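Residue numbers (this note's numbering), protein chains in the order written: chain A, 58 to 370; chain B, 80 to 757.
Working notes, structure below.
In structure tokens:
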């Protein structure tokens with residue numbers, strides 16, 4: 058019991074602290090790759106801190122749903138973070154929800170955020186909500202197929218179990234099914250975290266925006282919660298990718314040393330994945346909205362192929 | 080110990096008394112309304128009590144009263160399956176009856192409440208008999224009474240042309256399904272010489288494969304039409320919305336579930352299993368219904384039609400579980416079959432509850448605004464806060480989002496499907512995870528659809544005068560919805576306490592008690608044997624609440640130090656945003672309409688009137704519709720064919736009484752010859 062509490066507290070701190078660092082790192086790396094100086098890797102902390110110290114403007118048309126959405130986004134993302142193994146194979150809340158709960162909890166946060174976008178009566182909010190729900194709906198089957206491939210290999214939908222099985226076969230990612238599943242999940246990651254070529258997190262132009270349009274009316278602490286929640290969600294999805302496919306550094310016992318090694322490996326893996334995302338973002342242009350389904354269809358087919366190849370090879 | 084048949088008879092008597100007493104009091108509307116609703120409430124309470132007794136008892140109770148007519152007896156069998164469906168009937172009916180106290184008030188002086196009460200209680204009576212009948216003819220009679228009572232209720236606003244057309248379509252489809260069932264039972268009766276369900280069980284194994292196929296196809300058609308499975312669904316989105324809202328709730332919540340009951344009863348119990356291709360067919364039909372149902376729902380802006388399409392979707396999800404159960408049973412995995420069956424049955428109960436809740440919510444909105452068109456609503460959360468809250472809970476539950484009941488049953492369905500991959504040999508196993516991914520698509524699209532349904536109806540600014548003058552529903556209606564809202568939460572959070580209810584049913588149908596495998600650590604739902612996966616809705620709910628506390632503290636500190644004010648919505652510097660600038664239901668689903676345009680074949684027409692420049696139109700008329708594929712491609716040719724055949728047949732229908740007498744005589748002789756030869 059005590060162990061679970063300590064583990065949860067540690068993972069919670071890690072989640073809350075690493076998430077803004079990761080998005081700051083991605084921004085900086087991207088800037089460097091584009092020959093800009095960039096804001097520095099601490100910028101996301103500064104943004105959140107600044108927003109928490111701002112006054113809030115709530116639209117006259119909004120109801121209590123508008124205010125409930127930021128809490129939902131923050132709480133679902135954080136709770137999901139506790140279900141995912143980060144530095145050891147043991148996630149504190151893994152018993153209380155596996156990968157299905159992760160997907161559906163993120164959907165719960167999105168459900169309320171989309172309601173919040175529509176609650177103001179602004180066309181921007183409606184536009185963002187509509188697009189967000191559409192894209193996530195099309196991304197969902199691809200995500201599930203890729204996840205099923207891994208879950209069926211591990212005979213479990215529990216993320217800790219999946220990580221344990223993965224640790225037993227560290228080089229499994231070379232198997233065709235795992236590579237295909239990784240590719241599918243990577244595309245879904247791009248879509249779910251709203252990155253180029255699906256969405257552009259850096260602009261507020263109405264033609265390019267999905268997520269940013271939905272949260273246009275939020276300000277001050279509410280916006281801080283949403284931004285922080287979005288950063289945590291990104292961290293969670295990236296963790297899901299690195300730890301299920303590349304379980305290096307994960308160990309099942311619990312000593313200071315293994316946690317230290319686990320943390321170092323974990324941060325290094327995240328940095329590599331961040332580099333991949335940055336490369337994709339820099340070398341691609343944003344797709345037209347109605348081309349996005351084609352990209353996600355590719356992910357779906359990759360997922361289906363991954364599944365089929367599990368029993369071909 | 081109270082005797083089960085006695086309580087059961089009391090509940091039937093309550094419904095019957097309600098039916099005839101309210102008909103008798105039709106001249107006194109207020110009295111008829113009270114009789115109708117209290118009798119239904121009493122019947123539901125007694126029915127709930129009966130099912131609890133049956134579930135506690137565990138073993139079936141059967142009794143039979145001979146009728147004197149050959150093959151027909153008043154045989155009832157109250158077993159675990161019947162008990163479960165009676166429970167799934169009693170919980171929503173209790174809510175609907177309380178709701179109707181307030182809802183029917185507006186009928187007073189305008190409509191015949193006595194007739195309504197008669198049909199309403201008759202429907203409940205026949206549903207109860209359908210779930211408990213153990214004689215094929217008793218079952219069919221109850222089935223037919225149910226269809227007729229439902230027809231009367233669907234066409235209650237019969238002055239409306241759309242309603243009459245929907246009623247006609249409904250009654251035609253209801254009779255096609257009754258015909259299929261009659262033939263199916265005839266096949267069984269022919270081989271046993273008895274119409275008792277008990278007599279069918281021993282001979283089911285001796286049917287040859289042709290008979291088996293025929294029996295499966297006939298029963299499947301009959302029950303699938305009743306359940307509104309695609310492609311037999313066309314009556315459902317027509318008939319359910321036009322009925323009074325409390326009836327729509329019953330139709331979508333319970334009446335279509337008789338199809339699910341029938342499949343479980345005939346395929347798992349009476350026939351004792353079906354060939355594996357049949358199980359696969361059920362699974363595939365389930366997937367198709369789920370995905371297409373939700374895709375059509377997304378295109379609706381009539382709130383009640385939208386909900387009706389979601390019934391098709393949820394029936395699809397139930398059939399995925401049921402199909403998996405049928406396949407596992409044949410493949411020799413009774414434990415897995417039990418898990419899949421629990422998933423299907425649990426979703427049946429959950430859907431009964433949240434669909435009733437949503438229809439009652441839609442009824443309150445309709446009651447208050449007088450329109451079903453979502454494009455005229457908006458902002459109703461302010462005048463109708465309680466209705467909005469209840470509808471929101473229903474929307475979260477039906478979208479399968481944690482921690483409510485829809486999530487729990489969909490989670491079990493996923494686990495059953497994933498287990499199928501390991502259990503079934505050969506290439507067919509691929510179908511299970513693919514079905515799982517389609518379930519994911521369905522869930523995500525349902526969430527999108529309910530974001531639309533809730534937000535366009537209840538949030539932002541009212542789009543028409545009716546919504547501006549809306550008022551909250553009367554207290555009885557709110558109590559009815561509140562009861563179902565509680566049920567959604569209780570079944571979601573307390574799923575692990577609730578699961579043992581299914582033990583008797585799975586033991587009876589599959590010889591397995593699995594609820595203990597499905598619970599670990601007391602509170603955690605577990606997937607049982609092959610795939611281990613666990614989830615705890617209770618911990619998720621508590622976890623979410625706990626994590627909101629620090630977030631709320633951060634916000635509270637910020638607001639205290641730096642203030643919070645209300646301001647206008649960002650208008651890009653062009654003041655004068657109004658409700659005309661809001662997103663509409665049609666606009667919300669535009670992206671999906673374009674992405675799935677292959678399916679929808681959307682058509683739109685824009686006419687603009689302008690004076691000088693086309694950039695400043697004075698008036699714009701916009702029309703958009705999607706192609707009703709099944710109606711156009713499947714039913715229209717069929718209808719044409721029937722008309723052609725019937726116009727040919729008119730030659731023998733000359734209208735001469737002599738000719739008709741001759742036909743009767745010839746038929747009689749032929750039948751006699753046939754009888755003698757046998």
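The beta-carbon is built from N, C-alpha and C at its ideal position, and this holds for glycine as well.
Keep in mind the model is a prediction, meaning the values are calculated, not measured.
Cβ pair residue i, residue j closer than 8 angstroms
i: residue 342 of chain A; j: residue 254 of chain A; result: yes
i: residue 392 of chain B; j: residue 525 of chain B; result: yes
i: residue 334 of chain B; j: residue 225 of chain B; result: yes
i: residue 443 of chain B; j: residue 556 of chain B; result: yes
i: residue 120 of chain B; j: residue 89 of chain B; result: no
i: residue 687 of chain B; j: residue 705 of chain B; result: no
i: residue 199 of chain B; j: residue 164 of chain B; result: no
i: residue 440 of chain B; j: residue 414 of chain B; result: no
i: residue 349 of chain A; j: residue 247 of chain A; result: no
i: residue 86 of chain B; j: residue 135 of chain B; result: no
i: residue 366 of chain B; j: residue 514 of chain B; result: yes
i: residue 539 of chain B; j: residue 178 of chain A; result: yes
i: residue 427 of chain B; j: residue 167 of chain B; result: yes
i: residue 109 of chain B; j: residue 185 of chain B; result: no
i: residue 71 of chain B; j: residue 410 of chain B; result: For residue 71 of chain B there is no data in the structure shown, the boundaries of chain B being 80 and 757.
i: residue 104 of chain B; j: residue 193 of chain B; result: yes
i: residue 403 of chain B; j: residue 362 of chain B; result: yes
i: residue 491 of chain B; j: residue 422 of chain B; result: yes
i: residue 25 of chain B; j: residue 302 of chain B; result: With chain B represented from 80 up to 757, any question about residue 25 of chain B goes unanswered, as that position is not in the structure.
i: residue 152 of chain B; j: residue 123 of chain B; result: no
i: residue 340 of chain B; j: residue 203 of chain B; result: no
i: residue 400 of chain B; j: residue 436 of chain B; result: no
Cβ neighbours of residue i in the same chain (closer than 7 angstroms, five flanking residues each side left out)
i: residue 245 of chain B; result: 233, 317, 318, 321
i: residue 176 of chain A; result: 119, 120, 122, 123
i: residue 74 of chain A; result: none
i: residue 219 of chain A; result: 207, 208, 211, 213, 301
i: residue 591 of chain B; result: 413, 414, 417, 585
In DSSP terms, what residue i is bridged to
i: residue 699 of chain B; result: B:687
i: residue 604 of chain B; result: B:598, B:614
i: residue 214 of chain B; result: B:275
i: residue 452 of chain B; result: B:381
i: residue 376 of chain A; result: With chain A represented from 58 up to 370, any question about residue 376 of chain A goes unanswered, as that position is not in the structure.
i: residue 155 of chain B; result: B:142, B:212
i: residue 213 of chain A; result: B:611
Own chain, CB closer than 8 angstroms to residue i, minus 5 neighbours either side, in chain order
i: residue 89 of chain A; result: 95
i: residue 97 of chain A; result: 81, 85
i: residue 318 of chain A; result: 306, 308
i: residue 327 of chain B; result: 319, 320, 383, 386, 387, 438, 441, 442
i: residue 282 of chain A; result: 127, 128, 130, 131
Neighbourhood of residue i by C-beta, 6 angstroms cutoff - its chain only, sequence neighbours within 5 removed
i: residue 609 of chain B; result: At residue 609 of chain B, the pLDDT of 48 sits below 50, so the modelled position is not reliable; the number obtained from the coordinates is stated separately. Excluding positions up to five away in sequence, the list reads 498, 501.
i: residue 484 of chain B; result: 429, 476, 567, 570, 571
i: residue 589 of chain B; result: 413, 416, 417
i: residue 613 of chain B; result: 603, 605
Inset, instruction - Spell out a yes or no on whether the region 230-238 of chain A and the region 267-275 of chain A are touching, meaning 3 or more CB-CB pairs, one atom from each, closer than 8 angstroms. - result: In this structure the region 230-238 of chain A does not lie against the region 267-275 of chain A, because fewer than three pairs of beta carbons, one per stretch, are closer than 8 angstroms.
Legend entry - At least 3 beta-carbon pairs within less than 8 angstroms: the region 657-670 of chain B vs the region 177-188 of chain A: A contact exists between the region 657-670 of chain B and the region 177-188 of chain A.
Inset, instruction - Count the CB pairs spanning the region 365-383 of chain B and the region 447-462 of chain B that are closer than 8 angstroms, and state whether there are at least three. - result: In short, these stretches touch, since the Cβ pair count reaches three.
Legend entry - Interface positions of the region 208-227 of chain A facing chain B (Cβ-Cβ less than 7 angstroms), listed along the chain: Against chain B - using a Cβ distance shorter than 7 angstroms - the residues of the region 208-227 of chain A are 208, 209, 212, 213, 214, 215, 218.
Inset, instruction - Report the residues of the region 105-120 of chain A with a CB closer than 9 angstroms to any CB of chain B, ordered along the chain. - result: Along the region 105-120 of chain A, going in chain order, the ones with a CB nearer than 9 angstroms to a CB of chain B are 108, 109, 110, 111, 112, 113, 114, 115, 116, 117, 118, 119, 120.
Legend entry - Residues in the region 163-179 of chain A having any Cβ partner in chain B nearer than 8 angstroms: Under the 8 angstroms Cβ criterion, the region 163-179 of chain A contributes 164, 165, 167, 168, 171, 172, 175, 176, 177, 178, 179.
Inset, instruction - Would you check if the region 594-603 of chain B and the region 570-580 of chain B touch, i.e. whether three or more CB-CB distances between them fall below 8 angstroms? - result: Proximity of the region 570-580 of chain B to the region 594-603 of chain B meets the contact definition, three or more beta-carbon pairs being nearer than 8 angstroms.
Legend entry - Against chain B: residues of the region 338-355 of chain A by CB proximity under 8 angstroms: Per Cβ criterion, the list reads 346, 347, 350.
Legend entry - Meets three-Cβ-pair contact criterion under 8 angstroms: the region 469-486 of chain B and the region 157-175 of chain A: Judged by Cβ distances under 8 angstroms, the region 469-486 of chain B makes contact with the region 157-175 of chain A, as three or more pairs qualify.
Inset, instruction - Check each residue of the region 255-288 of chain A: if its Cβ is closer than 8 angstroms to any Cβ of chain B, include it; give the result in chain order. - result: Taking 8 angstroms as the Cβ-Cβ cut-off against chain B, the residues of the region 255-288 of chain A that qualify are 273, 274, 277, 278, 279, 281, 282.
Inset, instruction - Select from the region 142-154 of chain A all residues with a C-beta closer than 9 angstroms to any C-beta belonging to chain B, and list them in chain order. - result: Listed in chain order, the positions of the region 142-154 of chain A with a beta carbon within less than 9 angstroms of a beta carbon of chain B are 150, 151, 152, 153, 154.
Legend entry - Three or more C-beta pairs below 8 angstroms linking the region 212-223 of chain B and the region 137-157 of chain B: They touch, by the three-pair rule.
Inset, instruction - Mind checking the region 361-389 of chain B against chain A and listing, in chain order, the residues whose C-beta falls within less than 7 angstroms of any C-beta there? - result: The residues in question: there are none.
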